Amino acid sequence: MANQGPNLECRMYEARYPEVDMAVMIQVKNIADMGAYVSLLEYNNIEGMILFSELSRRRIRSVSSLIRVGRIEPVMVLRVDKEKGYIDLSKRRVSEEDIQACEERYNKSKLVHSIMRHVAETLSVDLEELYVNIGWPLYRKYGHAFEAFKIIVTDPNSVLDSLTTEIKETGPDGKEVTKVVPAVSEELKDSLVKNIRRRMTPQPSKIRADVEMKCFQLDGVLHIKDAMRKAEATGNDDCPVKIKLVAPPLYVLTTQTLDKEQGLAILNKAIAACSDAIEEHKGKLVVKEAPRAVSERDDKLLAEHMAKLRQDNEEVSGDEDSEKEEDTGMGEVDLENSGTGITEAPWVEKIVR
């Protein structure tokens, strides 16, 4: 008989059922005559129901426009019958504030659950056992296990070494005794920390601003270079500033930092320093795009744009050379026997002779 693997199904929270007037995240499974049957995603997909009367405060003209199979969204808990397992839910009674809070909590819980499930699968232990020994105690102590996981990224021992569990052993006298032991073994700690760091180590934000800079003074290029150096000097080790030429007169200022707000402030400071420096020499700086967070796709598009400009410049340079070569002479032309009827100018006659 084949060995059964670990149980990887478990609710996210210690309570088996949600509380009344609590917003929960659901997924619509089926639409029946009286309402919609849904799964409560945070409570191991236990079933709940939304009556059609609880879909909207307005008159319902089309049920499909309000709820669809497969949709994931927050709803409000109206009633919970723990004995029969009935849960009545409402979509029309959930407020915007409830929706925002529920989505934020669910996204954190989903990440925690994903990490815990992967560790349980890797070490072949039941997921609920991990929650009993690690997950739910962290929820109780930190308000949410996500907050504890953020600390584990840099200081795992301060969080995990404090977790304990009770085990029962038979003493020398044959009596059963309860002992308090660490809840997290070294193997479990290594796996958990590895997964948390892989999933939760913050990535630096990329901040970018686009400016146009001109200076028509005699040493305009030197003044622009000096302004660029002063812009880069506003950066620091945690938030370095770089400025690059895209195509005259367009320049981009960039930085990378873990603190997005700091990055925005530094780039604004860099733009101000650059503007002051160039205006001292009667130049001008115009902000085309204010500092903003950009994605890797934006960086890729900028790199492609700059590469295309370089290629176009190379092609133009090549065309100019070929035009000069063509204009240097008329080639080998027999002026006497060409039959064109063109009267030769005196200077042409001298050249022919």
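Quick note on numbering: my numbering labels position 159 of the sequence shown as 266, and the sequence is numbered without any gaps.
Each residue gets a CB set at the ideal place from its N, CA and C atoms; glycine is no exception.
Quick caveat: nothing in here was measured; it's all calculated off a predicted structure.
Practice task
Verify the CB distance criterion: does Ala410 have a CB-CB separation below 8 Å to chain E?
Solution key: Although the question refers to chain E, the structure presented lacks it and comprises just one protein chain.
Exercise for the section: Rounded to whole angstroms, what's the CA-CA distance from Asn343 to Leu374? Just pull it up for me. Expected result: The sequence position of residue 343 within the sequence shown is 236, counting from 1. The sequence position of residue 374 within the sequence shown is 267, counting from 1. Approximately 11 Å, taken between the alpha carbons.
Problem - Close beta carbons around Lys349, own chain, < 6 Å, minus the five adjacent residues each side - result: Residue 349 sits at position 242 when you count from the first residue of the sequence shown. Correct list, in chain order: Thr361.
Exercise for the section: Tell whether a beta-carbon distance below 8 Å holds between Leu90 and Ile314. Expected result: The structure shown does not extend to residue 90, since the chain is modelled only from 108 through 460, so no value can be given for it.
Exercise for the section: Please classify Ala377: is it buried, with 16 or more other beta-carbons within 10 angstroms of its beta-carbon, or exposed? Expected result: Working through the sequence shown from its first residue, we reach residue 377 at position 270. Classification of Ala377: buried, given that the 10 Å Cβ count is 16 or more.
Handout entry: Entirely enclosed alpha helix (DSSP H) segments - the region 323-404, minimum 4 residues
Key = When DSSP assignments are scanned along the region 323-404, the uninterrupted stretches of alpha helix (DSSP H) that are 4 or more residues long and fall wholly within it turn out to be 327-339 and 367-386.
Problem - Spatial neighbours of Gly436 in its chain, beta-carbon cut-off 7 Å, leaving aside the 5 residues before and after - result: In the sequence shown, counting from the first residue as 1, residue 436 sits at position 329. Below a pLDDT of 50, predicted positions are generally treated as unreliable, and Gly436, at 41, falls in that range; the measurement from the model is reported next regardless. Within the same chain, Gly436 has no close Cβ partners at all.
Exercise for the section: Evaluate Gly278 with the Cβ neighbour count: other Cβ atoms within 10 Å of its Cβ, from every protein chain shown; 16 or more gives buried, anything less gives exposed. Expected result: Position 171 of the sequence shown holds residue 278. Flag for Gly278 reads exposed.
Problem - Glu396 vs Ala316 beta-carbon contact at 8 Å - result: For the purposes of this step, residue 396 is taken as residue 289 along the sequence shown, with counting starting at 1. For the purposes of this step, residue 316 is taken as residue 209 along the sequence shown, with counting starting at 1. Here Glu396 is near Ala316, since their CB atoms are less than 8 Å apart.
Exercise for the section: Pull up the distance between the alpha-carbon of Val284 and that of Ala400, whole angstroms please. Expected result: Locating residue 284 in the sequence shown gives position 177, counting from the first residue. Locating residue 400 in the sequence shown gives position 293, counting from the first residue. If you draw a straight line from the Cα of Val284 to the Cα of Ala400, it is about 58 Å long.
Handout entry: Own chain residues within Cβ distance below 8 Å of Glu430, not counting five before or after
Key = Locating residue 430 in the sequence shown gives position 323, where the first residue counts as 1. Its pLDDT being 45, under 50, Glu430 is placed unreliably in this model, and the value from its coordinates should be taken loosely. Within the same chain, no Cβ atom closer than 8 Å to the Cβ of Glu430 is found once the five residues on either side in sequence are excluded.
Practice task
Kindly indicate which residue of Arg164, Phe323 and Asn151 has the alpha-carbon position closest to the one of Glu121.
Solution key: Along the sequence shown, read from residue 1 onward, the residue named residue 121 stands at position 14. When only C-alpha atoms are compared, the closest one is Asn151.
Exercise for the section: Could you tell me which residues DSSP pairs with Pro309 in its beta bridges? Expected result: Taking the first residue of the sequence shown as 1, we reach residue 309 at position 202. According to DSSP, Pro309 bridges with nothing at all.
Problem - Inter-stretch contact (C-beta, 8 Å, three-pair minimum) for the region 185-193 and the region 240-257 - result: These segments do not touch.
Handout entry: Residue of Leu325, Leu148, Ile222 and Leu162 minimising C-alpha distance to Lys257
Key = By one-based count along the sequence shown, residue 257 stands at place 150. The candidate whose alpha carbon is nearest that of Lys257 is Ile222.
Exercise for the section: Indicate whether Val170 and Gly155 have their beta-carbon atoms separated by less than 8 Å. Expected result: Along the sequence shown, read from residue 1 onward, the residue named residue 170 stands at position 63. Along the sequence shown, read from residue 1 onward, the residue named residue 155 stands at position 48. It is not a contact, given that the beta carbons lie outside the stated cut-off.
Practice task
Under 8 Å Cβ to Cβ from Thr364, same chain only, skipping five residues before and after it: list those, please.
Solution key: As a working note, residue 364 is residue 257 in the sequence shown. Excluding residues up to 5 positions away in sequence, Pro311, Ser312, Ile314, Asp345, Cys346, Gly370 and Ile373 lie with their Cβ nearer than 8 Å to the Cβ of Thr364 in the same chain.
Handout entry: Cross-strand partners of Lys248 (DSSP beta bridge)
Key = As a first step, residue 248 is located in the sequence shown; it is residue number 141 there, counting from the start. Answer by DSSP bridge pairing: none, since Lys248 is not bridged.
Problem - Minimum C-alpha distance to Cys381 - residue among Asp406, Asp333, Leu352 and Met413 - result: For this step, residue 381 is matched to residue 274 along the sequence shown. Closest option to Cys381, Cα to Cα, is Asp333.
Handout entry: Strand pairing of Thr277, partner residues [DSSP]
Key = Within the sequence shown, the letter at position 170 stands for residue 277. Beta-bridge partners of Thr277 (DSSP): Glu283.
Practice task
Give me the Cα-Cα distance between Ile303 and Ala143, rounded to the nearest whole angstrom.
Solution key: Reading the sequence shown from its first residue, position 196 is the one you call residue 303. Reading the sequence shown from its first residue, position 36 is the one you call residue 143. When the Cα atoms are used, Ile303 and Ala143 turn out to be separated by approximately 37 Å.
Exercise for the section: Kindly give me the distance between the Cβ atoms of Leu162 and Leu173, rounded to whole angstroms, as I take these residues to be in contact under 8 Å. Expected result: Here residue 162 refers to the residue found at position 55 when the sequence shown is read from its first residue. Here residue 173 refers to the residue found at position 66 when the sequence shown is read from its first residue. That pair is a contact at about 5 Å.
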